[in-house]
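Peer 1: Sequence order for the protein chains is A and B.
Sequential numbering from 2 applies to the first sequence in the working numbering.
Sequential numbering from 86 applies to the second sequence in the working numbering.
Beta carbons are placed, not taken as given, at the ideal position from N, Cα and C, and that holds for glycine.
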Amino acid sequence: MPPIKRTKFKLSPEQLLEMFYWLKLIRAFDLRLSTLVKQGKVRSGVYTGIGQEAIIVGTCYGLRKDDYICPLHRDLGSFLMKGVEARVMMSQMFAKTTGLSKGRDSALHSGVPELGIFGNTSMLGANLPVAAGIALSYKMEKRDDVVIAYFGEGASNVGDFHEALNFAGVQQLPVVFICENNQYAYSVPIEKSMAIDDVADRARGYGFDGVAINGNDVLAVYQATQGALARAREGDGPTLIECKTYRWHGHSEHDKAFYRSDEELAMWKSRDPIPTFTTYLRTRHILDDDQAKAIEARVEHTIDDAVEFAMSAPDPDPAEAVTDLYA
Amino acid sequence: MPKDVSYLDAIKQALAEEMRRDDKVFVLGEDVGVYGGAFGVTQGLYEEFGEMRVVDTPISESAIVGISIGAALRGYRPVAEMQFADFISCGFDQIVNQAATLRYRYGGRVACPIVVRAPGGGNVSGGLYHSQNPEAWFVHRPGLKVVAPSDAFDAKGLLKAAIRDDNPVVYFEHKYLYRRAKGPVPEGEEIVPIGVAKTRREGKHVTLLTYGAMVTPSLEAADTMSKAGVEVEVIDLRTLAPLDTAAIFASIEKTNRALIVHEDVKTLGIGAELSALIMEERFDHLDAPVLRVTYPDTHAPFAQVLEQANLPNAAKIVDALRKLAAY
Numbered sequence: 002m003p004p005i006k007r008t009k010f011k012l013s014p015e016q017l018l019e020m021f022y023w024l025k026l027i028r029a030f031d032l033r034l035s036t037l038v039k040q041g042k043v044r045s046g047v048y049t050g051i052g053q054e055a056i057i058v059g060t061c062y063g064l065r066k067d068d069y070i071c072p073l074h075r076d077l078g079s080f081l082m083k084g085v086e087a088r089v090m091m092s093q094m095f096a097k098t099t100g101l102s103k104g105r106d107s108a109l110h111s112g113v114p115e116l117g118i119f120g121n122t123s124m125l126g127a128n129l130p131v132a133a134g135i136a137l138s139y140k141m142e143k144r145d146d147v148v149i150a151y152f153g154e155g156a157s158n159v160g161d162f163h164e165a166l167n168f169a170g171v172q173q174l175p176v177v178f179i180c181e182n183n184q185y186a187y188s189v190p191i192e193k194s195m196a197i198d199d200v201a202d203r204a205r206g207y208g209f210d211g212v213a214i215n216g217n218d219v220l221a222v223y224q225a226t227q228g229a230l231a232r233a234r235e236g237d238g239p240t241l242i243e244c245k246t247y248r249w250h251g252h253s254e255h256d257k258a259f260y261r262s263d264e265e266l267a268m269w270k271s272r273d274p275i276p277t278f279t280t281y282l283r284t285r286h287i288l289d290d291d292q293a294k295a296i297e298a299r300v301e302h303t304i305d306d307a308v309e310f311a312m313s314a315p316d317p318d319p320a321e322a323v324t325d326l327y328a
Numbered sequence: 086m087p088k089d090v091s092y093l094d095a096i097k098q099a100l101a102e103e104m105r106r107d108d109k110v111f112v113l114g115e116d117v118g119v120y121g122g123a124f125g126v127t128q129g130l131y132e133e134f135g136e137m138r139v140v141d142t143p144i145s146e147s148a149i150v151g152i153s154i155g156a157a158l159r160g161y162r163p164v165a166e167m168q169f170a171d172f173i174s175c176g177f178d179q180i181v182n183q184a185a186t187l188r189y190r191y192g193g194r195v196a197c198p199i200v201v202r203a204p205g206g207g208n209v210s211g212g213l214y215h216s217q218n219p220e221a222w223f224v225h226r227p228g229l230k231v232v233a234p235s236d237a238f239d240a241k242g243l244l245k246a247a248i249r250d251d252n253p254v255v256y257f258e259h260k261y262l263y264r265r266a267k268g269p270v271p272e273g274e275e276i277v278p279i280g281v282a283k284t285r286r287e288g289k290h291v292t293l294l295t296y297g298a299m300v301t302p303s304l305e306a307a308d309t310m311s312k313a314g315v316e317v318e319v320i321d322l323r324t325l326a327p328l329d330t331a332a333i334f335a336s337i338e339k340t341n342r343a344l345i346v347h348e349d350v351k352t353l354g355i356g357a358e359l360s361a362l363i364m365e366e367r368f369d370h371l372d373a374p375v376l377r378v379t380y381p382d383t384h385a386p387f388a389q390v391l392e393q394a395n396l397p398n399a400a401k402i403v404d405a406l407r408k409l410a411a412y
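(1) Per DSSP, which one or two residues make a beta bridge with B:S91?
(2) If you measure from the beta carbon of B:D178 to each beta carbon in chain A, is any gap under 7 Å?
(3) Opposite B:D321 in the DSSP bridges: which residues?
(4) If you compare alpha carbons, which of A:D161, A:T303, A:Q184 is closest to A:G50?
(5) Can you have a look at A:I135 and say buried or exposed, based on whether 16 or more other CB atoms are within 10 angstroms of its CB?
(6) CA-CA distance, A:M141 and B:E258?
(7) So, with DSSP's three-state summary, where would you put B:A399?
(8) Evaluate contact between the stretch 204-219 of chain A and the stretch 51-61 of chain A, counting only Cβ atoms and requiring at least three cross-stretch pairs below 8 Å.
(9) If we define contact as Cβ-Cβ less than 7 Å, is A:Y48 a contact residue for chain B?
(10) Give me the chain B residues within the contact set of A:L81, using Cβ-Cβ distance strictly less than 7 Å, ordered along the chain.
(11) Taking 8 Å as the threshold, find out whether the stretch 223-235 of chain A comes into contact with the stretch 140-160 of chain A through three or more Cβ pairs.
(12) Entirely within the stretch 189-276 of chain A and at least 4 residues each: give me those alpha helix (DSSP H) ranges in chain order.
(13) Could you compute how far the alpha carbon of A:F209 sits from the alpha carbon of A:T246?
(14) Is the beta carbon of B:V270 less than 7 Å from the beta carbon of B:V255?
(15) Check distances from the C-beta atoms of the stretch 12-39 of chain A to those of chain B and list, in chain order, the residues that come in under 9 Å.
(16) Of all the CB atoms in chain B, is at least one closer than 7 Å to the CB of A:H110?
(17) Could you give the C-beta distance for B:I154 and A:V131, rounded to a whole number, given that I count them as a contact under 8 Å?
(18) Between B:V119 and B:Q128, what straight-line distance do the alpha-carbon atoms span, to the nearest angstrom?
(19) Classify A:L331 as helix, strand or coil using the three-state DSSP reduction.
(20) Expressed to the nearest angstrom, what Euclidean distance is found between the alpha-carbon atoms of A:L169 and B:A165?
(21) Just the C-alpha distance for B:E132 and B:V375, rounded to the nearest angstrom, thanks.
(22) Note down, in chain order, every chain B residue with its Cβ under 8 Å from the Cβ of A:F168.
(23) Identify the contact partners of A:M124 in chain B, using a Cβ-Cβ distance below 9 Å as the criterion.
(24) Is B:L113 helix, strand or coil by DSSP?
(25) Going by beta carbon distance, what residues of the same chain come within less than 6 Å of B:D382, once the five residues before and after it are set aside?
(26) Do B:D321 and B:R285 have their C-beta atoms within less than 7 Å of each other?
(27) Going along the stretch 129-157 of chain A in order, which residues come within less than 7 Å of chain B, judged by CB to CB distance?
(28) Could you tell me which chain B residues have their CB closer than 9 Å to the CB of A:L116, listed as they occur along the chain?
(29) Over what stretch of residues does the beta strand (DSSP E) that includes A:N182 continue unbroken?
(30) Check whether the Cβ atoms of B:V200 and B:A246 sit closer than 7 Å, and answer yes or no.
(31) Put A:G50 into one of helix, strand or coil per three-state DSSP.
(32) By alpha-carbon positions, which one of B:F334, B:T309, B:R226, B:P163 ends up nearest to B:V403?
(33) Can you name the residues of chain B whose CB is closer than 7 Å to the CB of A:S102?
(34) According to DSSP, is A:F119 part of a helix, a strand, or is it coil?
(35) For chain A, find out if any of its Cβ atoms is closer than 7 Å to the Cβ of B:P227; answer yes or no.
(36) So, with DSSP's three-state summary, where would you put B:T340?
Quick look at the structure:
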C-alpha cells in the first residue's frame, strides 16, 4: 500500500474546526465519566478511550447516515458523532430509562439501527461477524454504503476476528476494519499476545490490504479511512487500518494499570492527539483564542447539560427487568 | 389431497416457499449452495435463487450466526444451517450472547429474526460428534425460541413459523427422521404456531410428554399399554421454548401421572424442567412421582450395540409406563 497522502481528501477550515470540537467533546465526556465513577455517581462499566480520540474522530468524521459503525467498548465518541445525543449517552451510563438500553446495560452494548450503530456484547471481536453480515446486506442490495468495524489488538486474537475477516475477504465486502492498537489487552502487552509487530499484517492472510498508521494523528486516520471507504464504495472490498495508540487510563476505571511504567505513560502522553492537532490548526491560523474559548464553552455546556439531564431522569421500573426479551 | 412428503423434503419446501414469498429470506451455511447441504436439505435452492441468497460459507459457525444477526439488523430473515447440531457449540456465543440479548440490551428497539437450523439426534451411527441433542442449552437462555418437529407436517409448518417469527429461533431437525418420517404435507400456507403442543394420542391414565424422534416409540409404547387397559395421553411438545404449559397442565389434571421421554441426556434436560414445573404448579393433581426415560448421562457411542443401549425405545418407555400406572 502506498504511503498515505495527507492532503488527498481535502478538509475546509470549518471542517477542521468541527473535528477539533469532536476531539475535545469526546475527551471531556470520558474525563467527566471518570470523575463521576470516582464520586460514586456512575456505577462500574466505564471503559474510557482517553488518548485514543483521534481514531474515532478520524474514522467517523464525514460518514454517511447509512454507513454502519460497529464500535468497541471504548468508542462512546463514535455514538455521539453518529448522531446520538450526549444526554442519551450520559443516561445510558447512569442506567436511566432515557438511555439506549433503558437501564439494562450501562456500557456500549446497545445500538441505534436508524443511525447505523451496532452495540456489541462484552465478547470482544463478536461485533466483527455482525459487521460482515451488515456489509453482506449492502452487497446484496448493491449499495455503496460501508461498515466500519472497530476492534482492539487483543480482539485480533479471537476466533471471530479471523472468521469475519476471512468471510469479508472471500465475499469482497464493503467493510473497513479499524484496529485500535492501544498496546494492552487489559494487562497483557502486545508482545505476550502476538508473535508479530503489526496487526495490519493479518489482513494479507485474508486477501486484502492492511496498513499500520499513527492512530494519534487525526488527519492521518482521516486520510487512511477516506481511502479505504472510497475503495469499499467502489466494490473493491475490505481494508484493515491499524491505528497505533495508547489508552491513558486502565482497562476500566477501577484498574490502576500497575502493569505499565510511568515512563511509558509519559511518553505516550507527549503524543496526545489533541495538542498535536491544536498546533496544526494554530500554525495555519485556523484556530484562534476566541474560537478555542468558544469551543471549550460549548463542550462544557454539552456535558453539564447531559449530566444534569441524566441525573434527573427516572430510574427504570423494576417490572422492566423481565420485559423486552421477545418481539 | 395433500401428498406424502418426507420430513427432509418438507423442510426443503418450507425454505423454498418462504424464499419465494419474501425476498428478505436467505440461507447460509457450509455446503448449502452447489452441493445442496450435507443431507440435501437445500438441494435446488442454489439453482433457483442464486449465490446471493444461498450463501456457501467457510467453516465458521460463529461467523455464520454473527453474519445472520448483522443481516437481520438490516431487515433480512436469514436461515443459518449448522451442518450438525453438534457443531452449534462453535456458534454458541453468537446465539446465546449476541442474538438472545439483542432486543433486551437495545431497550426493545430492535428485533432479531434469525433461524438457526440444527440437524441433531442419534440412531444413525453418527458417533460422538454427529449424534448430539443440545436443545436444553438453548432452552436455558432467555431471548431464544426452540422448536423440534417430529413429523413432516410440523417440520414444514414450524420452519415457516420460525422464519416469520421476529425472534431468534433454534430449529432442531432430527436426522433419523429425514427420510424415515413421511406424511401428508399440504402445499403452500400451513403454519404450525410456535408455542403450541399437539396431542398425538388421547388417554386418561398417564400423560407422556415428548418431542422429536421420541414421539414414534412413545406412541408404540402407548399402543402396547392400551392392550393392557392403560390409556396413555401422548403430547408432542413441538416447541421447547416457550413451553405450552396450558396443554401440559390440562393433561396432568386429567391423568394425574406424568412420564417425560427425551433423547437428550437426563441431567438438566428438558425433563428436569418439565418435572419441576409440574411439581410446582400441579402438585395436588399428582398421584405418582414424575418419571423420566432419557439417554443416560453419557456420550453418543459409535458401535451400534452401544448406541442402542443408550437410546430410549418403546420397551424402555413401556417399563416406565407400567411403573407409573401401578404406583
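Peer 2: Reading it off the structure:
(1) B:K267
(2) yes
(3) B:K283, B:T295
(4) A:Q184
(5) buried
(6) 29 Å
(7) helix
(8) yes
(9) no
(10) Here the premise fails: no neighbours, minimum Cβ distance about 18 Å.
(11) yes
(12) 191-194, 202-205, 219-234, 263-270
(13) 23 Å
(14) no
(15) none
(16) yes
(17) 5 Å
(18) 8 Å
(19) Residue coverage of chain A in this structure runs from 2 to 328, which leaves residue 331 of chain A outside it and unanswerable.
(20) Note on residue identity: the sequence assigns Ala, not Leu, to residue 169 of chain A. If I take the Cα positions, the gap works out to 17 Å.
(21) 50 Å
(22) T142, P143, S145, A148, I152
(23) D178, Q179, N182, Q183
(24) strand
(25) V350, K351, T352
(26) yes
(27) P130, V131, A132, A133, G134, I135, L137, S138, M141
(28) Those within 9 Å of A:L116 in chain B number zero; the least Cβ separation is about 11 Å.
(29) 176-182
(30) no
(31) coil
(32) B:T309
(33) R190, Y191, G192
(34) coil
(35) yes
(36) helix
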